[in-house]
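Beneath this line is the structure, given in structure tokens, with notes to follow.
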Amino acid sequence: MTIAEIMLGSNKAAGLVRSRKILKKQELIMSRPINFSAGPSMIPVEVLESLSADMVNYKATGLSLVEVSHRGPVYDEVHQEAVSLLRELLGVPEGYSVLFLGGGATLQFSMVPMNLMKGSADYANTGTWAKKAIAEAKKVGQVNVVFDGSSSNFSSLPDPASVKPSPGSSYLHITSNETIGGIQWKSFPDTGSVPLVADMSSDILSRPVDVSRFGLIYAGAQKNLGPSGVTLVIIRDDLLERSSDSLGAYLNYAVHAKANSLYNTPPVFPIWGVKLVLEQIKKRGGAAAVAKENAAQAAEIYNAIESSEGFYRSPVDPACRSDMNVVWRLKEESLEAEFIAQAGKAGLIGLKGHRSVGGCRASIYNAMTMEGVKRLTSFMADFARKNG
Ligand SMILES: Cc1ncc(COP(=O)(O)O)c(C=O)c1O
121 MTIAEIMLGS
131 NKAAGLVRSR
141 KILKKQELIM
151 SRPINFSAGP
161 SMIPVEVLES
171 LSADMVNYKA
181 TGLSLVEVSH
191 RGPVYDEVHQ
201 EAVSLLRELL
211 GVPEGYSVLF
221 LGGGATLQFS
231 MVPMNLMKGS
241 ADYANTGTWA
251 KKAIAEAKKV
261 GQVNVVFDGS
271 SSNFSSLPDP
281 ASVKPSPGSS
291 YLHITSNETI
301 GGIQWKSFPD
311 TGSVPLVADM
321 SSDILSRPVD
331 VSRFGLIYAG
341 AQKNLGPSGV
351 TLVIIRDDLL
361 ERSSDSLGAY
371 LNYAVHAKAN
381 SLYNTPPVFP
391 IWGVKLVLEQ
401 IKKRGGAAAV
411 AKENAAQAAE
421 IYNAIESSEG
431 FYRSPVDPAC
441 RSDMNVVWRL
451 KEESLEAEFI
461 AQAGKAGLIG
471 LKGHRSVGGC
481 RASIYNAMTM
491 EGVKRLTSFM
501 ADFARKNG
């Protein structure tokens, strides 16, 4: 046998191994349920596989990443890479700090007013999550509610041009996507010199945003960015001067910014997961590319609702329907439990609306695929045919 023949044989064998691996991955993806949960939610299979492959012996170091010092070079590379990918993919300008904190977005409901509020602040009351943010802010100072969606049962959002800061307000807070109500700001208020603060927990990096229009953005990772346990905060550096030294160290943004989120032990595992998710989003073409896919997937479900001749209905103003959390009701609300149960049997899970509002909800964050969404819409059509 010549060397050329041996090479050809080994190339063929390598090719065979590669196609078997691809096939196995396809089988794995096909065999998993389609997960429409609101959060924690779908994570790309390749990210889960990468976490699993490297869990015991991270990059041949002999140790897991979750058992080495957070101040050593192995973790440091992951930490810096996660920060720089976030900066790149979100287009975070110079003059902003990117922080990875614990405590979920819920801690940010308190940290934002503790650090930034000097007297009063404005809040748009757009639903469950905005209400929670308002409740915490009220413990710190005066809250001016600049929009109140309660009269429309939080089914709509104001024209951003009509949302203006009050005199003397420290900042204006919005919730860019209400995860439970299924409404999403399509553009943002212009608040002039008053910093705009946004809870982007359920739509961070699902679309391009102009970060320079915000004073502060925060988001729990567990929907679009990776595993739960880490919260992203992007803060304009001049606002760090508002953080008082009298705050507990962990509650102080300036402390975290100065230490590059290494003041104490950071949430190592979820930051590692976030880094892998960001690499995957970069490969997909970044925020603009995922936004296009997200919009197409949302349109597919809204079309299924609209074309059902009233069997399904959306309770949400079409102008602000969320591309992340599609909520709907059945004409016969008594059929909703049956719809959710049968969907579960068909491998479509997490479709139950939040317990506070009922109905159905499909959360279709960045990791969702059009194939997954089409399985849902064909199930919806089938269920309507059988029960309509
Ligand atoms: C818009 C929004 N804000 C805040 C939160 C609370 O986040 P966490 O559980 O990370 O505290 C959630 C959780 O689903 C959310 O959807």
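Each residue of the sequence shown is one higher than the one before, starting from 121 at the first, in our numbering.
Every residue, glycine too, gets a C-beta built ideally from N, C-alpha and C.
| Check | Outcome |
| --- | --- |
| Does the segment 245-260 come into contact with the segment 387-402, if we say contact requires no fewer than three beta-carbon pairs (one atom in each stretch) closer than 8 Å? | no |
| Roughly how many angstroms separate the alpha carbons of residue 357 and residue 279, rounded to a whole number? | 29 Å |
| Under 8 Å by Cβ, that's how I've got residue 110 and residue 288 pegged, so tell me the actual separation to the nearest angstrom. | As displayed, the chain neither begins before 121 nor continues past 508, which places residue 110 out of reach and without an answer. |
| Could you compute how far the alpha carbon of residue 214 sits from the alpha carbon of residue 468? | 43 Å |
| Taking contact to mean 3 or more Cβ pairs, one atom from each stretch, closer than 8 Å, check whether the segment 259-269 and the segment 425-433 are in contact. | no |
| For a test of the three-state rule: what should DSSP assign to residue 472, helix, strand or coil? | strand |
| Which runs of the alpha helix (DSSP H) at least 4 residues long sit entirely within the segment 148-215? Give them in chain order. | 165-174 and 193-210 |
| Can you check which of these residues, 301, 350, 424 and 311, is closest to residue 291 by C-alpha distance? | 311 |
| Would you give the residue range spanned by the alpha helix (DSSP H) that residue 392 belongs to? | 388-404 |
| Please classify residue 183 as buried or exposed, where buried requires at least 16 neighbouring CB atoms within 10 angstroms. | exposed |
| Let me confirm a value: residue 176 is counted as buried when at least 16 other C-beta atoms fall within 10 Å, else exposed. Which label applies? | exposed |
| Going by other Cβ atoms of all chains shown within 10 Å of its Cβ, with 16 needed for buried, is residue 186 buried or exposed? | exposed |
| Considering only C-alpha positions, which residue in the set 228, 352 and 134 is nearest to residue 293? | 228 |
| With a CB to CB cut of under 7 Å and the five nearest residues on each side skipped, what residues in its chain are close to residue 388? | 185, 186, 190 and 195 |
| So, using beta-carbon positions, are residue 302 and residue 447 closer together than 7 Å? | yes |
| Please name the residue in 418, 367, 322 and 466 whose C-alpha comes closest to that of residue 150. | 466 |
| Give the list of continuous alpha helix (DSSP H) stretches no shorter than 4 residues that lie fully inside the segment 435-499. | 456-465 |
| Three or more beta-carbon pairs under 8 Å between the segment 454-461 and the segment 475-494, yes or no? | yes |
| Once DSSP output is grouped into helix, strand and coil, what is the label at residue 417? | helix |
| Is the segment 304-323 touching the segment 337-344 in the sense that three or more CB pairs, one from each, lie closer than 8 Å? | yes |
| Provide the residue span of the alpha helix (DSSP H) that contains residue 225, from first to last. | 224-236 |
| How many whole angstroms separate the CB atoms of residue 298 and residue 250, which I take to be in contact at a CB cut-off of 8 Å? | 7 Å |
| Distance check for residue 463 and residue 143, CA to CA, integer angstroms please. | 26 Å |
| Just the C-alpha distance for residue 181 and residue 241, rounded to the nearest angstrom, thanks. | 49 Å |
| Measuring only from the beta carbon, is residue 305 closer than 6 Å to any heavy atom that is part of ligand 1? | no |
| If I follow the unbroken alpha helix (DSSP H) through residue 244, where does it start and stop? | Premise fails: residue 244 lies in the beta strand (DSSP E), 240-245, not in any alpha helix (DSSP H). |
| Over what stretch of residues does the alpha helix (DSSP H) that includes residue 375 continue unbroken? | 373-378 |
| Does the Cβ of residue 226 lie closer than 6 Å to at least one heavy atom of ligand 1? | yes |
| Taking Cβ to Cβ, would you say residue 443 is nearer than 7 Å to residue 415? | yes |
| Measure the Cβ-Cβ separation of residue 355 and residue 373 and say whether it is below 7 Å. | yes |
| First and last residue of the alpha helix (DSSP H) that includes residue 254? | 248-258 |
| On the CB-based measure, 16 or more other CB atoms within 10 Å of its CB, does residue 263 come out buried or exposed? | buried |
| When you measure from the CB of residue 230 to every non-hydrogen atom of ligand 1, does any distance come out below 6 Å? | no |
| Look at the Cβ atom of residue 300, then the Cβ atom of residue 351, and state whether they are nearer than 7 Å. | no |
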